[in-house]
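Peer 1:
Numbering (my numbering), first residue to last: 206 to 427.
Laid out in structure tokens, this is it:
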């Protein structure tokens, strides 16, 4: 499959897909906001697990796109509306948790209290947060629908599409894991932790804006 993936027949398609994905994954969105917040608040280790959850969410999007279910979601009004509402509620919940951050929850003593917070969060919960954040992102659904109907030819064999999906998951994990390490294990984290509750609140506000946008789309469809 690897040889076929990089053969001249599919190389142009793969490169176009990779560029489109790179632009999308680097753009600010719920994944970016959640990884940034957890990197600063809980440290790099937990944020890397969140990144793994996001990558697993990518595989869900790829699976239903390859099976043609993305078109069904996009063309079934009640299902699309349900996903919009569910995603909006989840992003509101994450945003609310971040906005509740208070000055007393952070310290400037090299993130001592944050280290305690890391120990209190299980890797399973971190993966689950990442998975739900990406899996419920309706924008990701639309992105993969466009990807598998315009850039990737319908005639491309399923095994090649599966290879694309594996690449997308790995590339997504690599990007967010790198972001986790940059924000969670460098001087940047110490600087942000000095006023960490404000950083939490900014990330929470971004999540609320994203949720409000989804609610507006849901209201237009109602």
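Built from N, CA and C at the ideal position, the CB exists for glycine as well.
(1) I need the DSSP call for residue 234, collapsed to helix, strand or coil.
(2) DSSP on residue 281, reduced to helix/strand/coil?
(3) Between residue 353 and residue 377, what straight-line distance do the alpha-carbon atoms span, to the nearest angstrom?
(4) Beta-carbon within less than 6 Å of residue 270's beta-carbon, same chain only, minus the 5 sequence neighbours each way: which residues are those?
(5) Is there contact here, the region 351 to 370 with the region 258 to 277, by at least three beta-carbon pairs under 8 Å?
(6) Grab me the residues of residue 331's own chain with a C-beta within less than 6 Å of its C-beta, minus the 5 sequence neighbours each way, in chain order.
(7) Would you kindly work out how many angstroms separate the C-alpha atoms of residue 344 and residue 390, rounded to a whole number?
(8) Less than 8 Å between the CB atoms is what I'm expecting for residue 304 and residue 406, so what's the real figure, rounded?
(9) Please report the residue range of the alpha helix (DSSP H) in which residue 330 lies.
(10) Find out if the Cβ-Cβ distance for the pair residue 413, residue 286 is shorter than 8 Å.
(11) Run the CB neighbour count on residue 277, radius 10 Å, all protein chains shown included, and call it buried at 16 or more, exposed below.
(12) Could you give the distance in angstroms between the alpha-carbon of residue 284 and the alpha-carbon of residue 291?
(13) Given a threshold of 16 other Cβ atoms within 10 Å of its Cβ, counted over all protein chains shown, does residue 301 qualify as buried or as exposed?
(14) Would you identify the three-state DSSP class for residue 414, choosing helix, strand or coil?
(15) Look at the Cβ atom of residue 263, then the Cβ atom of residue 342, and state whether they are nearer than 8 Å.
(16) Let me check understanding here. Comparing Cα to Cα, which of 336, 221, 217 and 214 lies closest to residue 351?
(17) Please state the DSSP three-state secondary structure of residue 356.
(18) CA-CA distance, residue 369 and residue 385?
(19) For a minimum of 4 consecutive residues, which ranges assigned as the alpha helix (DSSP H) are wholly contained in the region 217 to 268?
(20) Restricting to Cα atoms, I'd like to know which of 219, 288 and 380 is closest to residue 233.
(21) So, using beta-carbon positions, are residue 155 and residue 225 closer together than 8 Å?
Peer 2: Once the coordinates are examined:
(1) To locate residue 234, count along the chain shown from 1; it is residue 29. Three-state DSSP puts residue 234 in coil, outside helix and strand.
(2) For the purposes of this step, residue 281 is identified with residue 76 of the chain shown, where counting begins at 1. Residue 281: coil per DSSP, three-state reduction.
(3) Taking the chain shown and counting its residues from 1, one reaches residue 353 at position 148. Taking the chain shown and counting its residues from 1, one reaches residue 377 at position 172. Taking the straight line from one Cα to the other gives about 17 Å.
(4) Here residue 270 is taken as the residue at index 65 of the chain shown, counted from 1. Taken in chain order, the residues that qualify are 349 and 353.
(5) yes
(6) As a working mapping, residue 331 is identified with position 126 in the chain shown. The answer, listed in chain order, is 251, 254 and 255.
(7) Sequence index remark: in the chain shown, residue 344 carries index 139 (1-based). Sequence index remark: in the chain shown, residue 390 carries index 185 (1-based). Distance between the alpha carbons of residue 344 and residue 390: 30 Å.
(8) Residue mapping note: residue 304 aligns to position 99 of the chain shown, counting from 1. Residue mapping note: residue 406 aligns to position 201 of the chain shown, counting from 1. The Cβ separation is near 5 Å, so the contact holds.
(9) Taking the chain shown and counting its residues from 1, the one referred to as residue 330 is at position 125. Looking at the DSSP string, the run of the alpha helix (DSSP H) that includes residue 330 is 328 to 340.
(10) Along the chain shown, read from residue 1 onward, the residue named residue 413 stands at position 208. Along the chain shown, read from residue 1 onward, the residue named residue 286 stands at position 81. No, the Cβ-Cβ distance between residue 413 and residue 286 is not below 8 Å.
(11) Reading the chain shown from its first residue, position 72 is the one you call residue 277. Residue 277 should be labelled exposed.
(12) In the chain shown, the residue the question calls residue 284 occupies position 79. In the chain shown, the residue the question calls residue 291 occupies position 86. If I take the Cα positions, the gap works out to 11 Å.
(13) For the purposes of this step, residue 301 is taken as residue 96 along the chain shown, with counting starting at 1. Answer is exposed; the Cβ neighbour count stays below 16.
(14) Walking along the chain shown from the start, residue 414 turns up at place 209. Residue 414 sits in a helix when the DSSP states are folded into three classes.
(15) To locate residue 263, count along the chain shown from 1; it is residue 58. To locate residue 342, count along the chain shown from 1; it is residue 137. No. Outside cutoff.
(16) Taking the first residue of the chain shown as 1, we reach residue 351 at position 146. Residue 351 has its Cα closest to that of 221, out of 336, 221, 217 and 214.
(17) Numbered from 1 along the chain shown, position 151 holds the residue referred to as residue 356. Three-state DSSP puts residue 356 in a helix.
(18) Within the chain shown, the letter at position 164 stands for residue 369. Within the chain shown, the letter at position 180 stands for residue 385. So the two alpha carbons sit approximately 24 Å from each other.
(19) 235 to 247
(20) Stepping through the chain shown from its first residue, residue 233 is reached at position 28. Of 219, 288 and 380, the residue nearest in Cα terms is 380.
(21) Nothing can be reported for residue 155: it is not among the residues displayed for the chain, which extend from 206 to 427.
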